[in-house]
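Inspection log for the structure reproduced underneath, given as structure tokens.
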Amino acid sequence: MSDPSALPLGHFQLLSGESLLSKKRVFERAAEAMGAALDLSSETIYRALLAREKLGSTAIGEGIAIPHCRINECAEAAGCLVTLEEPIDFGSTDGRDVDVIFVLLVPEEATQAHLNLLAALARSFSNADLRNRVRQTLDPAELRQLLLSGEAA
Numbered sequence: 033m034s035d036p037s038a039l040p041l042g043h044f045q046l047l048s049g050e051s052l053l054s055k056k057r058v059f060e061r062a063a064e065a066m067g068a069a070l071d072l073s074s075e076t077i078y079r080a081l082l083a084r085e086k087l088g089s090t091a092i093g094e095g096i097a098i099p100h101c102r103i104n105e106c107a108e109a110a111g112c113l114v115t116l117e118e119p120i121d122f123g124s125t126d127g128r129d130v131d132v133i134f135v136l137l138v139p140e141e142a143t144q145a146h147l148n149l150l151a152a153l154a155r156s157f158s159n160a161d162l163r164n165r166v167r168q169t170l171d172p173a174e175l176r177q178l179l180l181s182g183e184a185a
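Next comes the structure, spelled out in structure tokens:
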């Protein structure tokens with residue numbers, strides 16, 4: 033996708049260099065941050081992320097995971113990029129531990145937007161140069177542009 037404005041991602045935030053030792057802790061931290069920013073219950077977000085992860089790992093390989101869920105109270109799609117100091121086990125099919133996690137929340141009724149965002153993020157993260165840039169970039173606006181455009185240049 034070359035036009036990031038075509039993707040309906042309203043809120044975006046970055047949690048960089050986090051020292052979290054498990055998936056549950058990542059979900060707790062992201063839920064706390066996103067709940068506060070979006071005026072949503074962090075417990076609702078946390079439980080929805082856990083429930084989705086129980087269906088199967090959201091790790092997509094190459095040290096990347098995209099946990100995602102739909103939330104009734106969520107007014108717009110929102111993302112939280114979490115980068116970890118040390119990679120953790122996320123049950124990835126390639127066996128690689130995860131150090132970059134993009135947590136995606138979408139409104140309950142936004143099925144197509146949910147699928148579009150997941151597809152765009154998966155495409156973006158399939159680019160090795162982009163993955164490297166994401167691991168090195170600390171500017172939230174630049175990261176949002178990188179991820180939604182899928183271009184590392």
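Residue numbering for the sequence shown follows the working numbering, beginning at 33 and increasing consecutively.
A virtual CB, placed ideally from N, CA and C, is assigned to each residue, including glycine.
Does the distance between the C-beta of residue i and the nearest non-hydrogen atom of the ligand ATP fall short of 7 Å?
i	result
residue 83	Here there are no bound small molecules, and the ligand ATP is not part of this structure.
Return the Cβ separation of residue i and residue j in integer angstroms, given the expectation that the two are a contact with Cβ distance under 8 Å.
i	j	result
residue 107	residue 133	Not a contact, Cβ separation roughly 23 Å.
residue 81	residue 99	5 Å
residue 109	residue 142	7 Å
Could you pull the start and end residues of the beta strand (DSSP E) that residue i belongs to?
i	result
residue 122	That residue, residue 122, is in no beta strand (DSSP E); it is neither H nor E in DSSP.
residue 131	130-139
residue 103	100-103
residue 48	41-50
Between which two residues does the alpha helix (DSSP H) containing residue i stretch?
i	result
residue 93	Unbroken run through residue 93 is the beta strand (DSSP E), 91-93; no alpha helix (DSSP H).
Is it buried or exposed for residue i, if we count other Cβ within 10 angstroms and need 16 for buried?
i	result
residue 170	exposed
residue 34	With a pLDDT of 38 at residue 34, under the threshold of 50, the predicted position of this residue should be treated as unreliable, and no value is reported.
residue 45	buried
residue 174	exposed
residue 72	buried
Point to revise | Three CB pairs or more closer than 8 Å across the stretch 40-53 and the stretch 77-93 | key: no
Exercise for review: Evaluate contact between the stretch 128-146 and the stretch 105-120, counting only Cβ atoms and requiring at least three cross-stretch pairs below 8 Å.
Suggested key: Cβ pair count under 8 Å is three or more, so yes.
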